[in-house]
Amino acid sequence: MLIAIFLGVVSLVVLVAAFLASKRWHWGSVLALVAFYFASVAFLILAAQTLNARNSLQKQVVDTDKRLNAELEGIDALESGTRVASVVRRLAGQINVADDATELASVGRMAHELRLKSRARGRVWRNAEPAGEVDLATGQVRVSFPASAPKTSNPDDPDAEPAAAEDTSAATARLDLEPESVVYLFEQGNANQQQYLGEFVVKEVDNEGRTALLLPLGQLAEDDYAADRLINSQGPWIVYESMPADSPNLFAGLSEKQLRKLLPESTVQEYLRDGTPAEADDDPERREPLDADGQPIPPGSETEPVSFRYRRLVRDYAFLLADSEQLYAELTALQSSARVEVERLREALAGAEKLSEFRKAQIEATRSDLVAVERDRDAIETHLNRLNEQLAQAETLLETTLQENAALAAQIASARGPMTPVVSPALDVDAL
Numbered sequence: 001m002l003i004a005i006f007l008g009v010v011s012l013v014v015l016v017a018a019f020l021a022s023k024r025w026h027w028g029s030v031l032a033l034v035a036f037y038f039a040s041v042a043f044l045i046l047a048a049q050t051l052n053a054r055n056s057l058q059k060q061v062v063d064t065d066k067r068l069n070a071e072l073e074g075i076d077a078l079e080s081g082t083r084v085a086s087v088v089r090r091l092a093g094q095i096n097v098a099d100d101a102t103e104l105a106s107v108g109r110m111a112h113e114l115r116l117k118s119r120a121r122g123r124v125w126r127n128a129e130p131a132g133e134v135d136l137a138t139g140q141v142r143v144s145f146p147a148s149a150p151k152t153s154n155p156d157d158p159d160a161e162p163a164a165a166e167d168t169s170a171a172t173a174r175l176d177l178e179p180e181s182v183v184y185l186f187e188q189g190n191a192n193q194q195q196y197l198g199e200f201v202v203k204e205v206d207n208e209g210r211t212a213l214l215l216p217l218g219q220l221a222e223d224d225y226a227a228d229r230l231i232n233s234q235g236p237w238i239v240y241e242s243m244p245a246d247s248p249n250l251f252a253g254l255s256e257k258q259l260r261k262l263l264p265e266s267t268v269q270e271y272l273r274d275g276t277p278a279e280a281d282d283d284p285e286r287r288e289p290l291d292a293d294g295q296p297i298p299p300g301s302e303t304e305p306v307s308f309r310y311r312r313l314v315r316d317y318a319f320l321l322a323d324s325e326q327l328y329a330e331l332t333a334l335q336s337s338a339r340v341e342v343e344r345l346r347e348a349l350a351g352a353e354k355l356s357e358f359r360k361a362q363i364e365a366t367r368s369d370l371v372a373v374e375r376d377r378d379a380i381e382t383h384l385n386r387l388n389e390q391l392a393q394a395e396t397l398l399e400t401t402l403q404e405n406a407a408l409a410a411q412i413a414s415a416r417g418p419m420t421p422v423v424s425p426a427l428d429v430d431a432l
């Protein structure tokens, strides 16, 4: 402000001096002097502004250089890892780092760990949708996989809406599924809605269109409940390349509210108790022995346990589901065999009932014949009795007649007298 006032006063003095000098000098000389003065003032003003701009830009360069060095230091820390506390604290506000972290692993190391975990878990596609109706005859269904990155829930706030997150386990450009590969299908939702829909084989793949035709591996043909569950499911679905594996530390660090949000009520209690002091009546397999320092005692060690910690059962879901399906197949086979036996028994029972009806008819016919036979028997017995009576009368009559004949013969003999037999000498008795 003072410089502007000073320049204004000087300019006024120069103009007055030029006016007075014009009475003695040539007007061209006066005009040249005034022009030189104002050109000099303009040069000084521009030079001052240039110097000011240069100082400001130099300060910005210094600040930018500091920020660049800090960013380069952060990039180097992300790429190579660091243990510098100030760098870790500064990066904690930019990436997901624990508040009490003292070390930051390198991107290569974390990528290696992620690859190991992804290799063990396999790829996962969330928010998959049925692209058509389920074939009622075969159970096959065409599934559409989302082109955007899958959704992940915020473990710090189970009630929050899922936010988009980068998924390194599933490609977003191509589907990269192989025909004849096996995938596992789950319903996506809360703990009470996530149902296992079955094991499917990939029959057709459109990697560019991100669709695949999935065919169930036979279990739906024998399980009407599983078939109805798939038919009635509207999605979204979660597709796993490998069956999800359980881990002792899978839910470590989650609060009770988060666990109840993620797990069904029937099993959440054992997850809440995991890592807490064991009780005396707990299953011995769930009681983990601890030494005086609170460290687990390995099996076979001679160290006497000081306390026990409750450890939940770690489940091998692939084995359990395969075993359940095998058991279900065996029970289904037994049921089918029992049904066949029941049908055979029913047929045998129907034949036996028909035979029983036939035998009953035979019995009724035999009873009719028996009545006729008994009637004939009674007639025969009556006739026999009559014949016996007649025979007895004939025998009595014969006996009487013989006695009378004997008496009559005796009378005739006594009337004639004794009789002497005459023997002829010519008669040869021996020859007779």
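Residue numbers (the UniProt record's numbering): 1 to 432.
Note that the Cβ used here is the ideal one computed from N, Cα and C, for glycine as well.
Note that the coordinates shown come from a computational prediction; the quantities given were computed from them, not determined experimentally.
* Asked: Does the segment 192 to 207 come close enough to the segment 176 to 184 to have 3 or more Cβ pairs within less than 8 angstroms?
  -> yes
* With 16 as the cutoff for other CB atoms within 10 Å, does F145 come out buried or exposed? -> Here residue 145 corresponds to residue number 145 of the sequence shown, with the count starting at 1. Counting Cβ neighbours within 10 Å, F145 comes out buried, since at least 16 surround it.
* Over the uninterrupted beta strand (DSSP E) stretch that includes G198, give me the two end residues. => Translated into the one-based positions of the sequence shown, residue 198 becomes position 198. Here the beta strand (DSSP E) through G198 covers Y196 to D206.
* Please report the Cβ distance between A131 and T211, rounded to the nearest whole angstrom; I am assuming they are in contact, meaning their Cβ atoms lie under 8 angstroms. => Locating residue 131 in the sequence shown gives position 131, where the first residue counts as 1. Locating residue 211 in the sequence shown gives position 211, where the first residue counts as 1. Their Cβ separation, rounded to whole angstroms, is 6 angstroms, which keeps A131 and T211 in contact under 8 angstroms.
* Asked: Nearest to Q195 by alpha carbon, out of I238, L217, L215 and E208?
  -> Taking the sequence shown and counting its residues from 1, the one referred to as residue 195 is at position 195. Measuring from the Cα of Q195, the nearest candidate turns out to be I238.
* **According to DSSP, residues forming a beta bridge with P216** => Stepping through the sequence shown from its first residue, residue 216 is reached at position 216. In DSSP, P216 forms a bridge with F200.
* To do: Look at the alpha carbon of R416 and the alpha carbon of L408, and state the distance between them as a whole number of angstroms.
  => As a first step, residue 416 is located in the sequence shown; it is residue number 416 there, counting from the start. As a first step, residue 408 is located in the sequence shown; it is residue number 408 there, counting from the start. If you take the alpha carbons of R416 and L408, they lie about 13 angstroms apart.
* Asked: Rounded C-beta distance between P244 and Y310? I'm assuming under 8 angstroms.
  -> Working through the sequence shown from its first residue, we reach residue 244 at position 244. Working through the sequence shown from its first residue, we reach residue 310 at position 310. In fact, because the Cβ distance is near 23 angstroms, the residues do not count as touching under 8 angstroms.
* Backbone CA spacing between A394 and L370 [nearest angstrom] -> If you number the sequence shown from 1, residue 394 lands on position 394. If you number the sequence shown from 1, residue 370 lands on position 370. If I take the Cα positions, the gap works out to 34 angstroms.
* Give the DSSP-derived three-state secondary structure of A245 in the structure shown. => To locate residue 245, count along the sequence shown from 1; it is residue 245. Coil, per DSSP.
* Three CB pairs or more closer than 8 angstroms across the segment 104 to 112 and the segment 78 to 96 -> yes
* To do: Might you give, ordered along the chain, the residues of its own chain that have their beta carbon closer than 7 angstroms to the beta carbon of V16, omitting 5 neighbours on each side?
  => Position 16 of the sequence shown holds residue 16. None.
* To do: Figure out for me which residue from R229, I45 and T64 has the closest Cα to the Cα of L136.
  => Taking the first residue of the sequence shown as 1, we reach residue 136 at position 136. Nearest of R229, I45 and T64 to L136, Cα basis: R229.
* Asked: With distances taken between CB atoms, is the gap from G235 to A70 smaller than 8 angstroms?
  -> Here the question's residue 235 lines up with position 235 in the sequence shown. Here the question's residue 70 lines up with position 70 in the sequence shown. For G235 and A70, no; Cβs fall outside 8 angstroms.
* Asked: When the Cα atoms are used, what is the spatial distance from A352 to L334?
  -> Counting from one through the sequence shown, the residue named residue 352 turns up at place 352. Counting from one through the sequence shown, the residue named residue 334 turns up at place 334. When rounded, the distance between both Cα atoms is 26 angstroms.
* Give the secondary structure of V61 by DSSP, where H, G and I count as helix, E and B as strand, and everything else as coil. => Position 61 of the sequence shown, counted from the first residue, corresponds to residue 61. It is helical.
* Burial state of E265 (16 or more Cβ within 10 Å) -> Sequence index remark: in the sequence shown, residue 265 carries index 265 (1-based). Under this definition E265 is an exposed residue.
* What's the C-alpha gap between P158 and L263? -> Position 158 of the sequence shown, counted from the start, is the residue given in the question as residue 158. Position 263 of the sequence shown, counted from the start, is the residue given in the question as residue 263. Below a pLDDT of 50, predicted positions are generally treated as unreliable, and P158, at 37, falls in that range; the measurement from the model is reported next regardless. Looking at the two C-alpha atoms, the distance is approximately 12 angstroms.
* Asked: Helix, strand or coil: which one does DSSP assign to P155?
  -> Start at 1 with the first residue of the sequence shown, and residue 155 comes out as number 155. Residue confidence for P155 is low, a pLDDT of 37 falling below 50, so the modelled location carries little weight and cannot support an answer.
* Asked: Where does S307 land, buried or exposed, given buried means 16+ other C-beta within 10 angstroms?
  -> The residue you call residue 307 lines up with position 307 of the sequence shown. It is exposed - the Cβ of S307 has fewer than 16 other Cβ atoms within 10 Å.
* **Alpha carbon of residue 508 to alpha carbon of P305, nearest angstrom** => The question about residue 508 has no answer, for the chain in this structure spans 1 to 432.
* Asked: Quick one, are the C-beta atoms of Y271 and F251 less than 8 angstroms apart?
  -> Taking the first residue of the sequence shown as 1, we reach residue 271 at position 271. Taking the first residue of the sequence shown as 1, we reach residue 251 at position 251. Contact: yes.
* Asked: Expressed to the nearest angstrom, what Euclidean distance is found between the alpha-carbon atoms of L397 and E374?
  -> In the sequence shown, residue 397 corresponds to position 397, counting from 1. In the sequence shown, residue 374 corresponds to position 374, counting from 1. The alpha-carbon atoms of L397 and E374 are separated by roughly 34 angstroms.
* Considering only residues of the same chain and omitting the five flanking positions on each side of L175, which have a CB-CB separation below 6 angstroms? -> Here the question's residue 175 lines up with position 175 in the sequence shown. F145, N207 and R210, listed in sequence order.
* **Buried or exposed (CB count within 10 angstroms, at least 16 for buried), V340** => For the purposes of this step, residue 340 is taken as residue 340 along the sequence shown, with counting starting at 1. V340 should be labelled exposed.
* To do: Inspect the beta-carbon positions of S242 and L197 and report whether they are closer than 8 angstroms.
  => Counting from 1 along the sequence shown, the entry for residue 242 is found at position 242. Counting from 1 along the sequence shown, the entry for residue 197 is found at position 197. Not a contact, by the Cβ cut-off of 8 angstroms.
* Asked: How many angstroms separate the CA atom of R312 from the CA atom of R273?
  -> On the sequence shown, position 312 is the one that residue 312 refers to. On the sequence shown, position 273 is the one that residue 273 refers to. When rounded, the distance between both Cα atoms is 8 angstroms.
* Would you mind sorting R386 into buried or exposed? The rule is 16 or more other CB atoms within 10 Å of its CB. => Residue numbering aside, residue 386 sits at position 386 when the sequence shown is read from its first letter. The residue is exposed, with fewer than 16 neighbouring Cβ atoms inside 10 Å.
* **Extent of the continuous alpha helix (DSSP H) run through R416** => Walking along the sequence shown from the start, residue 416 turns up at place 416. Where R416 is concerned, the enclosing alpha helix (DSSP H) stretches over Y317 to R416.
* To do: Figure out for me which residue from E256, R90 and P248 has the closest Cα to the Cα of R315.
  => Translated into the one-based positions of the sequence shown, residue 315 becomes position 315. R315 has its Cα closest to that of P248, out of E256, R90 and P248.
* To do: Out of Y184, A4, K257 and Q269, point me to the one whose CA is closest to I45's CA.
  => If you number the sequence shown from 1, residue 45 lands on position 45. Considering only alpha carbons, the answer is A4.
* **Euclidean distance between Cα positions of E103 and A278** => Taking the sequence shown and counting its residues from 1, one reaches residue 103 at position 103. Taking the sequence shown and counting its residues from 1, one reaches residue 278 at position 278. Roughly 34 angstroms between the two C-alpha positions.
* Give me the Cα-Cα distance between L2 and Q60, rounded to the nearest whole angstrom. => The sequence position of residue 2 within the sequence shown is 2, counting from 1. The sequence position of residue 60 within the sequence shown is 60, counting from 1. Answer to the nearest angstrom: the Cα atoms are 28 angstroms apart.
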